[in-house]
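Structure first, commentary second.
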Ligand code: SF4
């Protein structure tokens, strides 16, 4: 296969290999960047969690783990902790978010989500009315998705030791034979598709926190994506990777995939869907929609020849009416994600560094 | 928002770029410095350098508030929080600026210091009112744009007779910094840093107007074009600079006339003058100590001056030995020339201040331009 690079030429690189400073386990402390979804978090996961807990399933490094099941088929298992503040926001609340987030982590592995478990950490003093509203919203979300919460746990901590309520959900699903989607499958030439507008969830939270007071509020896109995933599977396209770009946004998700698959990517800024209100709020706060969280969007990488077919299938689903082909996968020893700007220049779309947003999911 | 999109028109950008290509004399190079980090960011984020002809080069300037903050100033804020047990509020970008002893405000916070980020100094004042039992300090940084809001909160604090609010004032001024660059030996020798003109600040100029740049343009014979932060503004300003150079002019021109006039915002200037006075000396990162280049709080408002209220004298601290931030801020070196760029010094672990904010030259190159080193 001919070498494909964004510039069309191949030459030896002079870019320096990033030296990653080891975690300072003696004097270092957890800081907010370790939870922001960017490079610092990736390092914490690989150098601390995976180092101690490492096994073949964890090493898959995707949103969920594919597990052998006795009898036929394979299981997918995923877990997600939710600490969003405020607990209620336009378009949703921590309850439905906790259901959607974990369903999506199972779904983007190509699996059909079956069951959820939920663990609650409640802060002393949380109004029961709030808790009731949150759990009812969870129930509605689970019922609509057809994925019941089958077990759970509750702990209460003293006032000041948590922020209202934290919810951790774990999901289990089954994987059909022959499906193996993973962040390590992208290949040069593949097309990159995005299911809809960028940054709706993160900006809904930010606008709420900063009381930006837009005439019509920005609404979170929180949604369960397994239905969309099923219709993508049904169209028969050769899908290699699906991810939901949550914390850290699309930029961080694509960088993760580029690293896992050892490839580069080139995006077209003109093709990126962003709602005008989200764009305006980002301008105001100096944020880049590429790094803002989504909770009801997915990015898919598929074989080049199947891109149009997959796009048509996605657009036919109500959750992906704004789907677009946003770029291509290239060969690149540096695993850079680059973008042709709307002006025709070229820039990197790097990992999120530090913390772009406060607690959003 | 329609307003933004008007300034993001790709085809118009191509047209202006083509105009620059036609008008630039191919027989000579053009070197322009964009003073502001906002312009640096726009150039990097939108890939504007790719649109310019090879002989038109942009040099990043020092106009990024956190970049020019010397270590000793961040140390003061950290000492306030750790030793004086006060709550320090500041803008987000300040949190990661490297300070002495491997600390930054963020790392000090992880060690227990009460340090918080705010989007405006008014928030800091409101929070001080909510916590009357706690001493609260606003760590104020920035050029002329952020100065009037700080003046407002100091006046409000005085009117409210707050006894738990003060300001660590590190506000700096643009024109002396431009003069500082033009006086640096590397620019004066005319070779190390060839400079044919400046893109002047956008937001700063809405406050101070275009007049303060006139003596600089005249004395140093360098054209200045004040430009907005939108990518089209930057391209248009470059075209205007090329024309001035071609015609042998060294004038102050205003591309950003939708927001800037010659006199600026008189009301804001009066407010600033009421609350602040010139510091005799102020140390800048990269530009050393410059006279009359920064502001202090007037003695009338001394009780709201954190340097007056708490024993936190300024102590100058040399930069990390490998750090080239000083040279980068004066345009002497490019980020890639720093030995530790992208290896030891990355946005996650900034060693120098230019790697902290997205307006800093090193961070901008690391985040948006690293593919060019390939
Ligand atoms: S790479 Fe880091 S240390 Fe080197 S000049 Fe830039 S900011 Fe300073």
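Protein chains in written order, with the numbering used here: chain Y, 251 to 611; chain W, 3 to 376.
Glycine is no exception: its CB is placed at the ideal position from the N, C-alpha and C atoms.
None of these values were measured; they are calculated from a predicted model.
Quick one, which of the options has its alpha-carbon nearest residue i's?
i: residue 289 of chain W; options: W:34, W:311, W:64, W:33; result: W:64
i: residue 95 of chain W; options: Y:338, Y:296, Y:537, Y:589; result: Y:537
i: residue 47 of chain W; options: Y:595, Y:419, Y:601; result: Y:595
i: residue 232 of chain W; options: W:260, W:156, W:221, W:217; result: W:260
i: residue 200 of chain W; options: W:375, W:256, W:343; result: W:256
i: residue 372 of chain Y; options: Y:362, Y:379, Y:414; result: Y:414
i: residue 474 of chain Y; options: Y:496, Y:434, Y:406; result: Y:496
i: residue 426 of chain Y; options: Y:274, Y:359, Y:299, Y:508; result: Y:359
i: residue 352 of chain Y; options: Y:343, Y:328, Y:338, Y:334; result: Y:328
i: residue 267 of chain W; options: W:142, W:107, W:146; result: W:146
i: residue 166 of chain W; options: W:66, W:158, W:31; result: W:158
i: residue 69 of chain W; options: W:358, W:366, W:372; result: W:358
i: residue 332 of chain W; options: W:75, W:272, W:195, W:207; result: W:195
i: residue 527 of chain Y; options: Y:450, Y:317, Y:516; result: Y:450
i: residue 221 of chain W; options: W:364, W:185, W:193; result: W:185
i: residue 109 of chain W; options: W:350, W:372, W:251; result: W:350
For residue i and chain W, any beta-carbon pair shorter than 8 Å?
i: residue 603 of chain Y; result: yes
i: residue 453 of chain Y; result: no
i: residue 509 of chain Y; result: no
i: residue 310 of chain Y; result: no
i: residue 399 of chain Y; result: no
i: residue 546 of chain Y; result: no
i: residue 578 of chain Y; result: no
i: residue 598 of chain Y; result: yes
i: residue 279 of chain Y; result: yes
i: residue 245 of chain Y; result: Chain Y is shown only over 251 to 611; residue 245 of chain Y falls outside these bounds and no answer can be derived.
i: residue 581 of chain Y; result: no
i: residue 637 of chain Y; result: The structure shown does not extend to residue 637 of chain Y, since chain Y is modelled only from 251 to 611, so the question has no answer here.
i: residue 286 of chain Y; result: no
i: residue 271 of chain Y; result: yes
Could you give the distance in angstroms between the alpha-carbon of residue i and the alpha-carbon of residue j?
i: residue 104 of chain W; j: residue 80 of chain W; result: 12 Å
i: residue 57 of chain W; j: residue 26 of chain W; result: 8 Å
i: residue 243 of chain W; j: residue 97 of chain W; result: 36 Å
i: residue 577 of chain Y; j: residue 287 of chain W; result: 41 Å
i: residue 278 of chain Y; j: residue 144 of chain W; result: 30 Å
i: residue 334 of chain Y; j: residue 471 of chain Y; result: 14 Å
i: residue 18 of chain W; j: residue 570 of chain Y; result: 37 Å
i: residue 437 of chain Y; j: residue 548 of chain Y; result: 18 Å
i: residue 439 of chain Y; j: residue 505 of chain Y; result: 17 Å
i: residue 513 of chain Y; j: residue 265 of chain W; result: 53 Å
i: residue 282 of chain Y; j: residue 336 of chain W; result: 30 Å
i: residue 435 of chain Y; j: residue 503 of chain Y; result: 14 Å
i: residue 88 of chain W; j: residue 142 of chain W; result: 15 Å
i: residue 368 of chain W; j: residue 397 of chain Y; result: 44 Å
i: residue 217 of chain W; j: residue 461 of chain Y; result: 43 Å
i: residue 508 of chain Y; j: residue 499 of chain Y; result: 14 Å
i: residue 283 of chain W; j: residue 317 of chain W; result: 13 Å
i: residue 344 of chain W; j: residue 275 of chain W; result: 42 Å
i: residue 176 of chain W; j: residue 279 of chain W; result: 15 Å
i: residue 152 of chain W; j: residue 518 of chain Y; result: 41 Å
i: residue 428 of chain Y; j: residue 534 of chain Y; result: 47 Å
Using beta carbons (cut-off 8 Å, strictly below), is residue i in contact with chain Y?
i: residue 10 of chain W; result: yes
i: residue 376 of chain W; result: yes
i: residue 92 of chain W; result: no
i: residue 46 of chain W; result: yes
i: residue 126 of chain W; result: no
i: residue 350 of chain W; result: yes
i: residue 143 of chain W; result: no
i: residue 65 of chain W; result: no
i: residue 109 of chain W; result: yes
i: residue 266 of chain W; result: no
i: residue 233 of chain W; result: yes
i: residue 42 of chain W; result: no
**Complete runs of the alpha helix (DSSP H) confined to the region 58 to 123 of chain W [at least 4 residues]** = Whole alpha helix (DSSP H) segments, 4+ residues: 73 to 84, 107 to 112.
**Asked** Which runs of the alpha helix (DSSP H), 4 residues or longer, sit entirely within the region 471 to 526 of chain Y?
**Response** Here the runs fully enclosed are 476 to 484, 499 to 511.
**Request:** Could you pull out every unbroken beta strand (DSSP E) segment of at least 3 residues lying fully inside the region 535 to 591 of chain Y, listed in chain order?
**Result:** Taken in chain order, the complete beta strand (DSSP E) segments of 3 or more residues contained in the region 535 to 591 of chain Y are 549 to 552, 574 to 580, 587 to 590.
**Prompt:** At what residue ranges does the region 202 to 227 of chain W contain a whole run of the alpha helix (DSSP H), taking only runs of 4 or more?
**Reply:** The region 202 to 227 of chain W contains these whole alpha helix (DSSP H) runs: 205 to 210, 216 to 222.
**Request:** Could you name each continuous beta strand (DSSP E) segment of 3 residues or more that falls completely within the region 286 to 332 of chain W, going from the start of the chain to the end?
**Result:** Runs found: 290 to 293, 297 to 299.
**Request:** Jot down the residue ranges of each uninterrupted alpha helix (DSSP H) in the region 331 to 395 of chain Y, minimum 4 residues, whole runs only, in chain order.
**Result:** Qualifying alpha helix (DSSP H) stretches, in chain order: 344 to 357, 378 to 395.
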